[in-house]
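The opening position of the sequence shown corresponds to residue 24 in the working numbering, with each subsequent residue numbered one higher.
Everything below concerns the one structure shown next.
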Amino acid sequence: MSGRLEGKKIFITGGAQGLGAAMAKGVADEGAKVTITDVNGAGAEKIAAEISAKHGASTAFAFAHDVTNEDQWIAALEGANGAMGGISGLVNNAGISSREGGIEELSLDGFRRLMSVNVDSVFLGAKHSIKYLAKNQPGSIVNISSIAGLIANHTSPGYNASKAAVWLLSKNIALYCAKKGLDVRSNSIHPT
């Protein structure tokens with residue numbers, strides 16, 4: 024690998040499997056230290072152990088973390104900051120989808136759950152990570168949205184709304200950091 028992330032310290036939510044685990048392994052391959060969090064703490068620890076076995080004991084760290092819980096955000100970021108010696112990047116990857124049906128079938132509780140996991144988590148992550156990113160500039164926040172945040176369909180009102188909110192919240196965070204004079208980017212990506 025090219026080592027283009029050498030010296031970076033990346034915090035990734037939803038890292039116990041899938042895209043989050045692949046990103047954690049990828050940033051470590053490029054030279055970064057990585058903290059992996061997931062509501063599945065054992066799964067996050069397994070991925071961190073795999074990365075550490077490949078790259079060294081001080082490369083990957085893991086925390087059990089419910090991204091809808093503000094106190095857990097504060098604790099996980101503080102733990103990651105201590106373990107890695109700073110945080111220079113945040114990847115808000117944790118998210119859920121559902122087989123919700125149309126707007127008449129989706130319950131209010133189901134809608135609120137989608138918004139909490141998919142949007143509140145991005146808000147909380149940015150809110151509480153900016154102070155760490157400001158100390159490790161240039162910094163970056165990458166929020167995983169979805170093509171469903173840009174193009175609606177008739178069967179996913181909660182998912183469409185939550186991923187569209189991630190897209191616009193990412194823009195708001197970027198403008199906020201720029202206004203404060205911080206070299207901290209905020210972008211959303213929209214996989215299919």
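From the three backbone atoms N, C-alpha and C, an ideal C-beta is built for every residue, glycine too.
Item	Value
Quick one: is Gly66 buried, meaning 16 or more other Cβ sit within 10 Å of its Cβ, or exposed?	buried
Return the chain-ordered list of same chain residues with a C-beta closer than 7 angstroms to the C-beta of Ser222, the five sequence neighbours on each side being excluded.	Because the chain spans 24 through 215 in this model, residue 222 falls outside it and cannot be assessed.
Excluding the five sequence neighbours on either side, which residues of its own chain have a C-beta within less than 6 angstroms of the C-beta of Arg27, listed in chain order?	Glu53
Distance, Cα to Cα, Ala201 vs Lys154?	14 angstroms
With DSSP run on the structure shown, which of helix, strand or coil describes Val90?	coil
Tell me whether Ala83 sits in a helix, a strand or coil according to DSSP, three-state version.	strand
Is it the case that the Cβ atoms of Thr58 and Ser144 are separated by a distance below 8 angstroms?	no
Under the three-state reduction of DSSP, which class applies to Asn141: helix, strand or coil?	helix
So, at 6 angstroms on beta carbons, what are the nonlocal neighbours of Asp206 in its own chain, with the 5 sequence-adjacent residues on each side left out?	Gln160, Pro161
Going by DSSP, what residue range makes up the beta strand (DSSP E) through Ile212?	207-212
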